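Chemist: One structure, as structure tokens, below. Some questions next.
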Amino acid sequence: MKALAQELDNMEMRGRRKMVLLHGVAEQAKEDTSQVVAEVVRSHLELADFSVSEVRRCHRMGRPTGASKPRPILCKLRDVSVRDSIWFAKTKLKGTGITVSEFLTRSRHQLFMSARDKFGVNNCWTKQGHVYVVGSDGSRHRVGTLDDLVRLEQVKEKSCSIATLPSSSPSPSTPVPKKGKRVAAKKK
């Protein structure tokens, strides 16, 4: 049953690979969200060739509340390369109050939030729909379930309590080798 649920989650995540969430974008009454996204991408991410035609579907999530915090914008893009160009340029948004995140399935979002609670914001991230955590030894681990997260946390606790002795328990997940940053190719 778990394998079936995992496969269903994988299929749902595959359908979301062209989507991103934009948080912190000011909300206006009767706005054209595709135009708003195009403007944010061109001005803040410095992707000058980005146009409204790159956006397939785009809308605000949730009901209008009138609160001071704007609703996130869910945006489905033309293809994965457009999504990746936005994803890899997101560091340019530092200090603007705008963030870009992946549109994760409910189970992966819950896993990611649990990982952030247990390991800290700086030691957890998502990439292409997968959740990654930095272990106590500094190695990167891809976490697929809450059980993986619990095992990784137990290894962390053991290594903190017995810092001088090597751990005899096996690693809960396979470490991910460190790679250099990928840069999305610019269109010419």
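Going letter by letter, the sequence shown gives residues 1 to 188 in full-length UniProt numbering. Cβ atoms here follow ideal geometry from the backbone N, Cα and C, with glycine treated the same way. From a predicted model like this one, the values you see are computed outputs, not experimental measurements.
Look up Val41 in the DSSP assignment and say whether it is helix, strand or coil.
Modeler: Helix, per DSSP.
Chemist: Have a look at Val100, Val134 and Ser53 and flag the residue whose alpha-carbon is nearest the alpha-carbon of His44.
Modeler: Checking every option, the nearest Cα to that of His44 belongs to Val100.
Chemist: As a quick exercise: from Leu104, Gln6, Gln35 and Arg142, pick the residue whose alpha carbon is nearest that of Phe50.
Modeler: The residue with the shortest Cα to Cα distance from Phe50 is Gln35.
Chemist: Hey, would you say Ala89 sits closer than 9 Å to Glu46, going by beta carbons?
Modeler: Cβ atoms of Ala89 and Glu46: closer than 9 Å.
Chemist: Since Lys127 sits in a beta bridge, which residues does DSSP pair it with?
Modeler: Lys127 pairs with His130.
Chemist: Note down, one range per segment and in chain order, each alpha helix (DSSP H) of at least 4 residues found wholly within the segment 55-96.
Modeler: If we require 4 residues or more, the alpha helix (DSSP H) runs fully inside the segment 55-96 come out as 80-88.
Chemist: So what's Ser136 in DSSP terms, helix, strand or just coil?
Modeler: DSSP places Ser136 in coil when its eight states are reduced to three.
Chemist: Which residue from Val41, Asp147, Arg57 and Gly66 puts its Cα closest to that of Ser107?
Modeler: For Ser107, the nearest C-alpha among the options comes from Asp147.
Chemist: Considering only their Cβ atoms, is the gap separating Leu104 from Gly144 smaller than 9 Å?
Modeler: Going by C-beta atoms, Gly144 is not nearer than 9 Å to Leu104.
Chemist: Compare the C-alpha of His59 against each of Ser68, Val25, Arg42 and Arg83 and name the closest.
Modeler: Checking every option, the nearest Cα to that of His59 belongs to Val25.
Chemist: Once the 5 residues before and after Arg14 are set aside, which same chain residues still bring their CB inside 7 Å of it?
Modeler: Result list for Arg14: empty, nothing under 7 Å.
Chemist: Under a three-way DSSP split, which group does Arg108 fall into?
Modeler: It is helical.
Chemist: Identify which residue in Gln128, Glu54 and Asn10 has its Cα closest to the Cα of Ala38.
Modeler: Cα-wise, what sits closest to Ala38 is Glu54.
Chemist: How many Å lie between Leu4 and Met19 at the Cα?
Modeler: Approximately 24 Å between the Cα atoms of the pair.
Chemist: Alpha carbon to alpha carbon, what distance is there between Gly129 and Met11?
Modeler: C-alpha separation (whole angstroms): 11 Å.
Chemist: If you check the beta carbons only, do Thr126 and Glu153 fall under 9 Å apart?
Modeler: No, these two residues do not count as a Cβ contact at 9 Å.
Chemist: Nearest-angstrom Cα distance between Ser168 and Arg116?
Modeler: Confidence at Ser168 is low in this model, with a pLDDT of 40, below 50, so the placement of that residue should be treated as unreliable; the coordinate-derived value is given next. C-alpha separation (whole angstroms): 26 Å.
Chemist: Taking only heavy atoms of the ligand ATP into account, decide whether any of them is closer than 8 Å to the Cβ of Lys118.
Modeler: As far as ligands go, the structure on display features none, and thus does not contain the ligand ATP.
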